[in-house]
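Number of protein chains: 2
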Amino acid sequence: MSRTGTRSGKPTLTDVAARAGVSATTASYILNGRTLEMRISSDTEERVQLAAQELGYRPNRTAQSLRTASTRIIGVVTDYVAGGMFSARILAGANAAARQQDHVLMIGETDGDTRTTTELVHEFVDRQVDGLLFVARTTSSIRLPQGLAGTRVVTVNCIDTSSPYPSVLPDDRGGGRRAAEALIGAGLTDGIVVVGEDTTTEALAGVRVDGLVERLAEDGVRVAARLECPWNLDDAYGALAGWLDRGGRPRAVVCLNDRVAWGVYHALADVPLAVPGEVSVISFDGSELGRWMRPTLASVALPFFEMGQEAVRILLDPAEKESVVMDMPLLPGDSMAAPFAAPLSGVEREG
Amino acid sequence: MSRTGTRSGKPTLTDVAARAGVSATTASYILNGRTLEMRISSDTEERVQLAAQELGYRPNRTAQSLRTASTRIIGVVTDYVAGGMFSARILAGANAAARQQDHVLMIGETDGDTRTTTELVHEFVDRQVDGLLFVARTTSSIRLPQGLAGTRVVTVNCIDTSSPYPSVLPDDRGGGRRAAEALIGAGLTDGIVVVGEDTTTEALAGVRVDGLVERLAEDGVRVAARLECPWNLDDAYGALAGWLDRGGRPRAVVCLNDRVAWGVYHALADVPLAVPGEVSVISFDGSELGRWMRPTLASVALPFFEMGQEAVRILLDPAEKESVVMDMPLLPGDSMAAPFAAPLSGVEREG
DNA sequence: TTGAAAGCGTTACCAA
DNA sequence: TTGGTAACGCTTTCAA
Numbered sequence: 001m002s003r004t005g006t007r008s009g010k011p012t013l014t015d016v017a018a019r020a021g022v023s024a025t026t027a028s029y030i031l032n033g034r035t036l037e038m039r040i041s042s043d044t045e046e047r048v049q050l051a052a053q054e055l056g057y058r059p060n061r062t063a064q065s066l067r068t069a070s071t072r073i074i075g076v077v078t079d080y081v082a083g084g085m086f087s088a089r090i091l092a093g094a095n096a097a098a099r100q101q102d103h104v105l106m107i108g109e110t111d112g113d114t115r116t117t118t119e120l121v122h123e124f125v126d127r128q129v130d131g132l133l134f135v136a137r138t139t140s141s142i143r144l145p146q147g148l149a150g151t152r153v154v155t156v157n158c159i160d161t162s163s164p165y166p167s168v169l170p171d172d173r174g175g176g177r178r179a180a181e182a183l184i185g186a187g188l189t190d191g192i193v194v195v196g197e198d199t200t201t202e203a204l205a206g207v208r209v210d211g212l213v214e215r216l217a218e219d220g221v222r223v224a225a226r227l228e229c230p231w232n233l234d235d236a237y238g239a240l241a242g243w244l245d246r247g248g249r250p251r252a253v254v255c256l257n258d259r260v261a262w263g264v265y266h267a268l269a270d271v272p273l274a275v276p277g278e279v280s281v282i283s284f285d286g287s288e289l290g291r292w293m294r295p296t297l298a299s300v301a302l303p304f305f306e307m308g309q310e311a312v313r314i315l316l317d318p319a320e321k322e323s324v325v326m327d328m329p330l331l332p333g334d335s336m337a338a339p340f341a342a343p344l345s346g347v348e349r350e351g
Numbered sequence: 001m002s003r004t005g006t007r008s009g010k011p012t013l014t015d016v017a018a019r020a021g022v023s024a025t026t027a028s029y030i031l032n033g034r035t036l037e038m039r040i041s042s043d044t045e046e047r048v049q050l051a052a053q054e055l056g057y058r059p060n061r062t063a064q065s066l067r068t069a070s071t072r073i074i075g076v077v078t079d080y081v082a083g084g085m086f087s088a089r090i091l092a093g094a095n096a097a098a099r100q101q102d103h104v105l106m107i108g109e110t111d112g113d114t115r116t117t118t119e120l121v122h123e124f125v126d127r128q129v130d131g132l133l134f135v136a137r138t139t140s141s142i143r144l145p146q147g148l149a150g151t152r153v154v155t156v157n158c159i160d161t162s163s164p165y166p167s168v169l170p171d172d173r174g175g176g177r178r179a180a181e182a183l184i185g186a187g188l189t190d191g192i193v194v195v196g197e198d199t200t201t202e203a204l205a206g207v208r209v210d211g212l213v214e215r216l217a218e219d220g221v222r223v224a225a226r227l228e229c230p231w232n233l234d235d236a237y238g239a240l241a242g243w244l245d246r247g248g249r250p251r252a253v254v255c256l257n258d259r260v261a262w263g264v265y266h267a268l269a270d271v272p273l274a275v276p277g278e279v280s281v282i283s284f285d286g287s288e289l290g291r292w293m294r295p296t297l298a299s300v301a302l303p304f305f306e307m308g309q310e311a312v313r314i315l316l317d318p319a320e321k322e323s324v325v326m327d328m329p330l331l332p333g334d335s336m337a338a339p340f341a342a343p344l345s346g347v348e349r350e351g
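Structure representation (structure tokens):
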């Protein structure tokens with residue numbers, strides 16, 4: 001009679017139709033909930049639904065994709081999946097948003113290699129993804145490969161200025177301003193030291209300093225010292241330790257990222273200078289590292305999860321064409337205190 | 001004449017065939033490199049290859065999938081993508097292995113929710129994935145959902161003992177033995193303190209202690225003290241600080257994971273006891289956290305990347321049916337030193 | 001209110 | 001050596 005199952009043994013739409021005694025067409029309309037536009041009798045509707053249930057029918061999405069030319073897959077090309085947790089958070093956000101719109105994520109890692117990137121793009125395009133996300137671990141400039149024509153693209157935490165695609169970036173300048181406001185709010189208006197170089201490999205994040213200085217200036221506050229060094233633990237430790245050795249004494253240290261802050265903690269502990277009793281510390285990134293530090297680190301956070309979400313929203317909305325910068329919220333921590341709250345001032349120490 | 005392009009505007013196999021003046025069949029065989037089994041004249045072969053090149057032809061993988069009932073997609077169901085970096089490393093390993101065999105990863109996050117898990121499994125099965133990886137952030141027991149019949153499955157860093165699927169787990173017992181060997185090798189055979197409870201939520205990792213004790217015993221070495229506490233920073237800090245307060249003095253501290261080690265560092269620093277001068281510290285996990293500690297942490301590492309790789313290898317090899325436990329290598333760090341190398345002994349201190 | 005048939009782009013059987 | 005034709009499972013136009 002009705003041919004049951006196929007190669008895979010799974011019931012097909014035809015099977016359902018046969019069992020319900022209707023055509024595949026009818027079954028298709030009903031199972032897609034398009035029953036209104038077709039004026040299906042509630043009787044057959046029920047029969048079909050029942051048959052589908054009894055058979056445990058599930059549509060074959062590959063077949064659907066072939067027919068409709070839409071896979072409901074978003075390809076994610078990322079430089080380092082495992083890279084310092086950051087890409088993973090973007091991924092999580094993107095995934096959450098994708099699931100909400102009945103899409104699924106397909107991922108590929110490039111290790112920063114151009115050739116691999118191109119291959120991956122081909123791979124994804126061949127697989128008819130509905131859109132492509134380019135995700136970078138570090139806020140940066142990139143160069144998108146060829147072969148993207150006809151594909152929707154959003155770049156996340158990175159930007160190709162020579163391409164017309166929307167990007168989702170953190171508002172690092174605004175983040176700098178936010179740090180400044182935190183300092184001012186706590187009454188920390190002198191002895192402010194900034195650790196970390198301005199022009200860094202983390203290219204786009206450099207503007208943090210601009211935002212900071214700009215906002216401080218609006219309240220007539222100036223930075224007491226700038227210690228230029230690469231954005232990592234050991235260099236930051238060296239930079240601050242050296243400055244302290246030379247007799248420098250900060251009231252607040254602004255660290256350009258959390259790794260720098262960790263180095264700063266070590267240098268302060270050597271003196272020792274108590275955090276936050278004698279010195280307040282504020283940083284950028286809002287990474288897990290800061291949660292491990294004691295006292296926990298106040299840090300202006302990169303909203304990676306939200307960036308992932310937003311990127312998918314933009315990608316799936318045909319009307320969206322504009323890039324977006326995302327607010328960097330202050331992640332509170334115990335490393336900041338108002339000066340008058342300082343419990344341990346006046347310990348022995350000199351230059 | 002020859003109809004060019006289709007809905008999507010991309011050249012199809014038919015286009016290539018037309019341009020080369022052959023049938024789609026012939027073109028298909030040639031472009032799949034199956035030229036030998038078909039005895040194709042090198043002349044037409046060239047023509048087809050050329051046509052494909054000129055048109056920039058790329059096969060439509062959706063169509064291929066529908067026809068061949070193989071998507072070359074591996075579905076990855078993970079509890080927390082962003083979870084502590086661990087799942088991300090497994091993902092990276094799985095991705096590397098998948099790419100090598102011309103497969104691609106499709107991911108989904110469950111947030112530990114059973115219902116979401118079931119939905120995701122359906123989603124992936126509907127999409128005809130060639131296999132499914134279940135990945136847990138924490139080595140643990142799980143319960144696989146229904147609906148997996150006919151799908152290849154491998155569980156990574158977790159296991160469903162009531163299912164017949166292969167699993168890939170870290171060899172925690174062997175890891176415990178490795179830690180013991182490191183201690184013995186460094187001559188640290190007394191004053192050994194273990195921090196972290198045995199029966200933990202990290203269920204399967206509990207055997208670390210068994211392996212440690214067992215291997216120490218083989219050399220006649222015994223653990224001096226066991227400090228039971230949850231596997232996290234603050235509890236570990238509290239446990240060791242309390243013990244030190246009561247006059248305890250360790251020669252070596254074994255931490256059941258790196259978060260515990262972080263707490264242990266803090267407690268030792270309070271006394272202070274120098275690491276590794278006065279006290280050596282060894283841990284488990286090999287996480288990024290340990291790379292941030294100063295001195296860097298010696299830790300028996302969970303081989304997550306390799307586990308991901310191995311899982312994919314097993315998944316794609318129809319002959320493989322056996323579970324696997326993966327060696328936990330010692331990640332060296334500056335937190336261990338042989339006793340005679342201790343530079344700073346004899347500082348003032350008492351109980 | 002329903003169904004036949006064409007078609008998505010490929011692969012593969014069988015005949016020529 | 002090659003090509004016609006059916007089939008994979010579904011959606012959609014058009015006619016009934």
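Sequences listed follow chains A and B, in order.
Per the UniProt record's numbering, the first sequence starts with residue 1, numbered consecutively.
Per the UniProt record's numbering, the second sequence starts with residue 1, numbered consecutively.
For glycine and all other residues, C-beta sits at the position ideal for the given N, C-alpha and C.
The structure displayed is predicted, hence computed values, not measured ones.
For B:S335, no beta strand (DSSP E) segment is defined, and its DSSP state is neither H nor E. Interface criterion met: the Cβ of A:D126 is under 7 Å from a Cβ in chain B. Cβ-Cβ distances below 6 Å link A:I107 to V76 in the same chain, with the five nearest sequence neighbours on each side left out; the list follows chain order.
A direct Cα-Cα distance of roughly 15 Å separates A:L120 from A:D130. For B:I40, there is no enclosing beta strand (DSSP E), as DSSP gives it neither H nor E.
Under the rule that a run must span 4 or more residues, the alpha helix (DSSP H) segments found entirely inside the segment 193–222 of chain B read 207–218. By the CB criterion at 7 Å, B:P145 and B:T110 fall outside the cutoff. Membership of B:I159 in the beta strand (DSSP E) is indicated by the continuous run 153–159. For A:A98, the three-state secondary structure derived from DSSP is helix.
Under the Cβ criterion (8 Å, minimum of three pairs), the segment 32–45 of chain B does not count as touching the segment 172–182 of chain A. Within 8 Å of the CB of B:E123, the CB atoms of chain A belong to V104, in sequence order along the chain. When rounded, the separation of the alpha-carbon atoms in A:S167 and A:G206 is 18 Å.
Residue state for A:G174 is assigned as helix, using DSSP reduced to three classes. Here A:E54 is exposed, its C-beta having fewer than 16 other C-beta atoms within 10 Å.
Going by DSSP, A:T110 is part of no alpha helix (DSSP H) at all; its letter is neither H nor E.
The beta carbons of B:V153 and B:I90 sit no closer together than 7 Å. Closest in C-alpha terms to A:Y80, from the list A:A225, A:T116, A:A51, A:G112, comes A:G112.
Of the residues assessed, A:A236 falls on the buried side of the cut-off, its CB having 16 or more other CB atoms within 10 angstroms. Membership of A:R313 in the alpha helix (DSSP H) is indicated by the continuous run 304–316. Exclusion of the five residues before and after B:G333 leaves T296, L297, A298 as the residues of its chain whose Cβ lies within less than 6 Å of its Cβ. Not a single C-beta of chain B is nearer than 7 Å to the C-beta of A:A241.
A contact is defined here as three or more CB-CB pairs under 8 Å, and the segment 153–163 of chain A meets this definition with respect to the segment 307–315 of chain A. A straight-line Cα-Cα distance of about 7 Å links A:N95 and A:V104. Listed along the chain, the chain B residues whose CB falls inside 8 Å of the CB of A:W262 are W292.
For the C-beta of B:P59, the chain A residues within less than 7 Å are, from N- to C-terminus, D126. The Cβ-Cβ distance between A:M336 and A:A186 falls below 7 Å.
Put simply, of B:D317, B:T189, B:G211, B:S23 the residue whose alpha carbon is nearest the alpha carbon of B:R178 is B:G211. Not a single C-beta of chain A is nearer than 7 Å to the C-beta of B:S287. Taking a beta-carbon distance threshold of 7 Å, A:S283 does not count as an interface residue toward chain B.
Boundaries of the alpha helix (DSSP H) around A:D258: 258–270.
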